[in-house]
Amino acid sequence: MNAKQWAVLGSGVLIACLSVQPAMAGISIGLGIAAPAPVYVAPAPVYVAPPPVVVPAPPVAYAPYAPAVVAAPVMVPTVGIALGWHGGRYWDGRRWWGRQDWAAHHSW
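Residues 0 to 107 in numbering that gives the first Met the number 0 are what the sequence shown lists, from first letter to last.
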């Protein structure tokens with residue numbers, strides 16, 4: 000075939016490819032070069048041993064405390080007289096005063 004025939008044949012194929020008729024008829028012409036889609040594979044399950052059982056140590060038991068020994072309070076009778084008037088007498092810490100003695104001694 001000569002170049003003229005190739006040109007006519009190529010232009011005819013080009014016109015046929017670019018025409019609207021094949022698109023309307025549902026005919027498609029294409030060339031596809033593709034790599035296959037990557038395949039996702041789920042990883043293998045990993046089995047882990049359960050954690051060891053931890054048992055807390057029992058609480059430390061202490062013996063009860065010995066009862067505290069508390070001595071009984073010593074009751075000492077107090078012999079004391081408060082300062083001041085006791086009936087008709089006055090105690091100043093050293094001696095008893097009668098009412099008239101006190102008034103005579105502390106007169107203003």
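Cβ coordinates follow ideal geometry from the N, Cα and C atoms, glycine included.
- Under the three-state reduction of DSSP output, residue 79 falls in the coil class, being neither helix nor strand.
- If you draw a straight line from the Cα of residue 105 to the Cα of residue 78, it is about 28 Å long.
- DSSP places residue 11 outside any beta strand (DSSP E); the residue lies instead in the alpha helix (DSSP H), whose first and last residues are 2-17.
- In this chain, the beta strand (DSSP E) harbouring residue 88 covers 88-90.
- Rounded to whole angstroms, residue 3 and residue 35 show a C-alpha spacing of 41 Å.
- The DSSP-derived three-state label of residue 104 is helix.
- A residue is called buried when at least 16 other Cβ atoms come within 10 angstroms of its Cβ; residue 89 meets this threshold and is buried.
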